[in-house]
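Okay, structure first, notes after.
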Amino acid sequence: MPIQVLKPKFHVEECLNAVRECLEQGWTGMGFKTVEFEEAWKKYTGHKYAYYLNSNTVGLHLAVKILKMNNGWKDGDEIISTPITFVSTNHAIMYENMHPVFADVDEYLCLDPEDVERKITEKTRAVIFVGYGGRVGQLDKVIEICRKHGLKLILDAAHMSGTKVNGVCPGTWEGVDVAVYSYQAVKNLATGDSGCICWADAASADLTRKLAWCGIDKDTYARSNKGTYAWKYDIDYVGYKYNGNAIMGAIALTQLPYLDEENARRREIVRMYNEGFKNNPHISIIPAPYADECAFHLYELVVPDREDLLNKLSAEGINCGVHYRDNTEYSVYAYAHGTCPKAHEISQHLITMPLHLWLTDEDVAMIIEKVNAYA
Ligand SMILES: Cc1ncc(COP(=O)(O)O)c(C=O)c1O
């Protein structure tokens with residue numbers, strides 16, 4: 002079996018027992034385990050509010066939508082974002098007819114605060130910051146810039162489940178208006194597909210509950226817990242079907258207690274990689290601030306000939322990847338091509354090494370040896 006680049010490790014028997022509970026209880030939809038998970042996530046992260054969703058993508062959409070509704074933003078208004086991300090980050094802006102303006106990345110492959118400030122115009126309303134590969138980057142400086150210019154800050158925390166800075170989850174920092182997590186199939190806290198949106202304010206959290214559930218003002222679970230099934234509800238908005246379900250919630254709840262120890266093992270692998278590649282003059286690594294508390298989701302190298310290395314490693318049974326292609330190379334974002342030269346250059350040389358809980362120390366040593374032989 003080839004070594005995969007990303008591969009989740011499930012606590013299978015425990016997950017099956019938790020899913021069995023849903024099946025036996027006859028409650029697989031929204032509520033029950035989703036509510037339990039929201040409480041567990043708030044306790045784990047320190048977020049005041051959490052709403053369990055069917056993905057991070059829909060959470061980013063709701064984040065932009067609700068900020069637009071609450072702040073009177075117009076179609077065509079701008080949100081500054083990164084070209085080094087999965088496209089959901091930028092699609093979320095487009096879903097709301099707003100305009101992604103791309104800022105360049107720093108050495109952590111997160112938004113470069115200086116370029117963010119340069120890209121601000123009178124139409125800028127917000128910044129979406131991606132915690133690339135679990136890194137916090139210079140989020141603190143970007144928050145300062147947002148404060149100075151009166152902009153909102155959306156944290157795409159898809160990779161950041163478990164990342165802390167001095168014991169605190171950066172999504173809870175003052176100045177982050179909303180943080181959106183992903184528990185997609187290969188993320189550090191993997192389910193099948195799900196995510197969570199965590200607002201800093203109660204009103205937006207409340208609106209999220211309605212908009213994520215077709216605009217209905219009370220959810221089925223809350224209604225079913227009233228003793229009599231209160232069938233009557235009102236529809237305040239043309240909402241969406243974005244809620245998470247109890248089966249995914251059961252898996253998330255089961256996996257969550259293992260997240261810290263699993264992230265610690267990821268850090269161990271990262272340290273082995275860093276050590277193994279530090280003397281190779283053809284390879285650069287992507288550093289991480291607060292590396293001892295980073296929930297590394299991705300491990301990237303920068304190499305001269307990425308395609309050649311990908312092919313040679315694949316022939317050896319080591320499947321690597323690329324995270325990410327400069328988004329301004331995609332047709333829909335081609336209008337911004339050339340606006341982020343550093344991101345563009347580095348994205349042609351990035352290669353993602355395997356990083357997951359199935360890797361043994363011997364696997365890591367073998368990967369290091371092969372990469373050093375070929376790079
Ligand atoms: C940076 C980033 N943002 C957003 C997403 C979308 O997450 P989801 O698959 O949960 O919708 C991903 C998923 O790969 C991601 O890597």
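Heads up: take any position in the sequence shown, counting from 1, add 1, and you land on the working numbering.
We put the CB at the ideal spot given by N, CA and C, even for glycine.
Less than 7 Å separates the beta-carbon of L212 from that of L63.
Judged by beta-carbon spacing, T86 lies within the 7 Å limit of Y325, meaning their Cβ atoms are closer than that value. By the Cβ rule, the region 200 to 217 counts as touching the region 45 to 56, because three or more pairs are nearer than 8 Å.
Cβ-Cβ separation between N98 and V181: approximately 20 Å, too far for a contact (criterion under 8 Å). In this structure the region 36 to 43 does not touch the region 105 to 116; the number of beta carbon pairs closer than 8 Å is below three.
Here H298 is buried, its C-beta having at least 16 other C-beta atoms within 10 Å. Within its own chain, the residues whose Cβ lies closer than 8 Å to the Cβ of H100, once the five positions on either side in sequence are excluded, are G77, D78, E79, I80, I94 and K124, listed in chain order. In this structure, the alpha-carbon of C23 lies about 25 Å from that of G216. N18 counts as exposed, since fewer than 16 other C-beta atoms from the protein chains shown sit within 10 angstroms of its C-beta. For L140, the CB contacts under 6 Å within the same chain, skipping 5 residues up- and downstream, are F130 and P171 in chain order.
At least one heavy atom of ligand 1 is found less than 6 Å from the C-beta of T90.
A residue is called buried once 16 or more other Cβ atoms fall within 10 Å of its Cβ, and R21, having fewer, is exposed. The beta carbon of L260 sits closer than 7 Å to those of S162, G163, N189 and L190, all from its chain and outside the five residues before and after it, given in chain order.
Nearest in C-alpha terms to V13, of all of D362, M70, I252 and R266, is I252. Per DSSP, the unbroken beta strand (DSSP E) holding L156 starts and ends at K153 to A158.
Runs of alpha helix (DSSP H) with 4 or more residues, each lying fully within the region 62 to 142, are found at 89 to 96 and 114 to 119, listed in chain order. When secondary structure is reduced to three states using DSSP, Y259 falls in the helix class. Within the same chain, Cβ atoms closer than 6 Å to the Cβ of T192 are found at Y184, M249, I252 and A253, the five residues on either side in sequence being excluded.
Annotation for W200: the continuous beta strand (DSSP E) segment containing it runs G196 to W200. Here the region 281 to 290 makes no contact with the region 354 to 368; the two share fewer than three CB pairs at distances below 8 Å. In chain order, D362, V365, A366 and I369 place their CB closer than 8 Å to the CB of M273, counting only its own chain and leaving out the 5 sequence neighbours on each side. In this structure, N244 is the residue among N244, N320 and G277 with its C-alpha nearest to the C-alpha of G32. Nearest neighbour of D235 by Cα position, chosen from K219, F103, G27 and S315, turns out to be K219. About 11 Å separates the Cβ atoms of G138 and H160, ruling out a contact at the 8 Å cut-off. Residue range Y300 to V303 is occupied by the beta strand (DSSP E) that includes Y300. The criterion of a C-beta distance shorter than 7 Å is satisfied by A247 and T35. Rounded to the nearest whole angstrom, the CA to CA distance from V117 to K66 is 22 Å.
For W214, the three-state secondary structure derived from DSSP is strand.
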